[in-house]
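*Asks:*
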Amino acid sequence: MAVCLDYQQVYYRRRVKVVPLKYQIFAALALLLALSVKVWIKTNITDMGYQLAKERQHMIDLDMQRRELELKLSVVTRPDELSRLAKQRLGLQALNPKQARKLSY
């Protein structure tokens, strides 16, 4: 029983360490600031993720537009299409061999 009483006396005599109020307020403000910065960073990361997804979609759209334009270019520059447009719009006809002249220098 003596051991038990000594144990109680040691803890009974122990001083309670009191932290001044200004240190408590400073610690609370530091914690609040740290949490605010963490939330701000997470918000920025989320916004950048949305912006990245938007830019990726824009890149895909531009790539599809480029492919469509390349297809149109290949259709327009086909020899049969060029000859059809030359006849239709300009009134040109196929070259007659009698019309061709050979030039020599």
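Residue 85 in the numbering used here is what sits at position 81 of the sequence shown, and the numbering runs on without skipping anything.
Where a beta carbon is used, it is the ideal one built from N, C-alpha and C, also for glycine.
For alanine 38, which of helix, strand or coil comes out of DSSP?
*Replies:* helix
*Asks:* In angstroms with no decimal places, state the Cα-to-Cα distance between glutamine 55 and aspartate 84.
*Replies:* 46 Å
*Asks:* I need the DSSP call for tyrosine 109, collapsed to helix, strand or coil.
*Replies:* coil
*Asks:* Whole angstroms are fine: how far does the CA of methionine 63 sit from the CA of glutamine 69?
*Replies:* 10 Å
*Asks:* Who are the Cβ neighbours of lysine 46 in its own chain at under 6 Å, not counting the five residues just before and after it?
*Replies:* Excluding positions up to five away in sequence, the list is empty.
*Asks:* Do alanine 90 and leucine 96 count as a contact pair if the criterion is CB distance below 9 Å?
*Replies:* yes
*Asks:* With DSSP collapsed to three states, give me the class of alanine 6.
*Replies:* Low confidence applies to alanine 6: its pLDDT is 49, below 50, so where it sits in the model is not reliable enough to give any reading.
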